[in-house]
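Structure, as structure tokens:
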Amino acid sequence: MDERGGSGRPQSDGAEGRRPSGTDGSVEPSHPVDTARPRHDEAEGPSPVPRDETPKAPEAQVTPEIRDTPEIRDTPEAQETPEAQDTREVQGAREVHGTPEAPVRDRLTKAAPEDSPAERSNTTHGPAGKGTPPAKARRGPGGGLLMGKPFGVPVYVAPSWFLVAALITWVFGGQLDRVLPELGGARYLVSLFFAVAFYASVLVHELAHTVAALRFKLPVRRIQLQFFGGVSEIEKESETPGREFVLAFVGPLLSLVLAGVFYAGMRAVEPGTVPGVLLAGLMISNLIVAAFNLLPGLPLDGGRMLRAVVWKITGKPMSGTVAAAWVGRALAISVLIGLPLLNQSGALGGEAKDIGGMDTVTDALLAAILAAIIWTGAGNSLRVARLREHLPELRARTLTRRAVPVEGGTPLSEALRRANDAGARALVVVDPDGDPMSVVREAAIVSVPEHRRPWVTVSGLAQDITEGMRVSAELAGEELLDTLRATPATEYLVVEDSGEIYGVLSAADVERAFVKAMARPT
């Protein structure tokens, strides 16, 4: 099984640009921050709402630490990292909870990457035991030719499958020429049928994983048939080691059942006929698929079973992942060295061969490909496990910025003055009753020249708050990412369970906090 995905993080678009950080570049100490509330963890790369400087506006104070903030790209999702917060009274207006940070003049912030590492990870299974973490390109409907949607799960055939199908047709056709020489050129049609039937049995293997995942209420994004097997992209982790074991075991079990079915069919037909040869080949290939996947190392199904056992014994999913991943790496080395030697010795059922020649090169190449798949999958399984372990560190409450509520007709210069005086880093447009209507986007603020800010109202720079842009301050981890992914935006209004405004959450802040958490050792 493998990890993949993800599925969709908060994204946004924007154009690059740079602007000077002020007319004189000076900074002054900020107002003291009330420490009655615990401070939030600070993420890297702070860069608050740009402060306004006009001849009419008083000089707002900023924190000395902002002087070191690097200038980076100006894009619509330009956001900053969070700090601790408290509530204040600003110019008679109610200040909203959030992470305070004094603003810097015309400082531009870097946009979140088009695809953030916070994308949800997936679990995949495959007869070749391939495992990779969620790939950015896999979010779209692409992934090959759509063949159907059994159980509501789309099945794709990757372009690499056609290369493997051609290779199987050529190799199996050569074997048929020795067993059934009377077929002539028709042997390649029989071989092509074998290749399709073999991958149909691989699909059954993957469907076994899919049905088990759906039974455990784990969403499955898709099944993909590709080079050296197939993968079932399961979007969430099993909740218990028992379910993890069952989810991994059902694939090889179905392959063994298919091998038994093909064996029974082979006994019912003449051994020297086309049906007899096809059934024998399918029986052997399914036995190989089952045996290979039962090897106890990640990312193979047997590695997932080993992980479940260690998880059950230690009570720690990460301990099971580490153990199974290192066994997988040892297995990769064994395949790289042992497979060519076994082929040369004839231990796998063929004739003993002399070292050298094209057969030796082919064996070594096949072993290298399999070893690379296993080694990479084991490493990816470790990375995704660390991802899942750090997800709970992403909490909306600690990542939220302090925000100042302003009415829509407030000039931008005045709104920025209020935010600077409060050490706030976001603006929320409210109606006369104080109910939030929209969030002022920082990228829109920095696009307005200073000399025009007294004549531009905040309502013209704000993004209306849709239902999906209201998030609970209690959200954390994967639930938080799911919520942000459901409604992609650059900023979100964070509210308490009571409906009170807590602050503004930036998608870029979540991105930076995620990267920082992932950089720490497990």
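Just so we're aligned: the sequence shown equals residues 80 to 601 in our numbering.
By construction, the Cβ of each residue, glycine as well, lies at the ideal position given by its N, Cα and C atoms.
CB contact flag (residue i, residue j, <7 Å)
i      : j      : result
Leu377 : Ala403 : yes
Ala348 : Ala287 : A small fix is needed here, since residue 348 is Val in this sequence, not Ala. No, these two residues do not count as a Cβ contact at 7 Å.
Val290 : Ile313 : no
Gly582 : Arg481 : yes
Ser334 : Val356 : no
Ser364 : Phe277 : yes
Val535 : Val518 : no
Ala274 : His469 : no
Arg301 : Pro233 : yes
Gln338 : Leu366 : A quick correction: the sequence has Ala, not Gln, at residue 338. Against a cut-off of 7 Å, the Cβ pair of Leu366 and Ala338 comes out as a contact.
Ile358 : Gly381 : The sequence shown places Leu at residue 358, rather than the Ile named in the question. Not closer than 7 Å, so no.
DSSP three-state assignment for residue i, whether helix, strand or coil
i      : result
Val232 : coil
Asp512 : coil
Glu575 : coil
Arg301 : strand
Ser239 : helix
Ser105 : Any reading at Ser105 is ruled out, since the residue's pLDDT is 33, under 50, leaving its predicted position unreliable.
Glu314 : coil
Pro127 : Any reading at Pro127 is ruled out, since the residue's pLDDT is 43, under 50, leaving its predicted position unreliable.
Leu584 : strand
Val483 : strand
Val507 : strand
Leu224 : strand
Thr319 : coil
Val356 : helix
Arg520 : coil
Val594 : helix
Arg118 : A caution first: Arg118 carries a pLDDT of 35, below 50, which makes its placement in the model unreliable, though a value can still be read off. If DSSP states are grouped into helix, strand and coil, Arg118 belongs with coil.
Ser334 : helix
Pro471 : helix
Gly309 : strand
Cβ-Cβ separation, residue j to residue i (assumed contact under 8 Å), whole Å
i      : j      : result
Gln305 : Trp240 : 6 Å
Ala237 : Gln303 : 6 Å
Val509 : Met516 : 6 Å
Val483 : Ala498 : 5 Å
Leu563 : Ala586 : 6 Å
Leu415 : Asp442 : Not really, about 11 Å apart at Cβ, beyond 8 Å.
Gly407 : Leu379 : 7 Å
Val589 : Leu466 : That belief does not hold up - the Cβ atoms of Val589 and Leu466 are roughly 14 Å apart, past 8 Å.
Ser311 : Glu285 : 5 Å
Leu560 : Val573 : Not really, about 15 Å apart at Cβ, beyond 8 Å.
Per-residue burial, residue i [other beta carbons within 10 Å of its own, 16 or more giving buried]
i      : result
Ala552 : buried
Val389 : buried
Met548 : buried
Arg591 : buried
Thr569 : buried
Pro396 : buried
Gly309 : buried
Arg116 : Confidence is the limiting factor: at Arg116 the pLDDT is only 35, short of 50, which leaves the residue's position unreliable and the question unanswerable from this model.
Thr352 : exposed
Glu521 : buried
Leu255 : buried
Residue i at chain B interface by Cβ criterion, 7 Å
i      : result
Gln305 : No chain B is present in this structure, which holds just one protein chain.
Any alpha helix (DSSP H) of 4 or more consecutive residues that is wholly inside the stretch 518-557: 521-525
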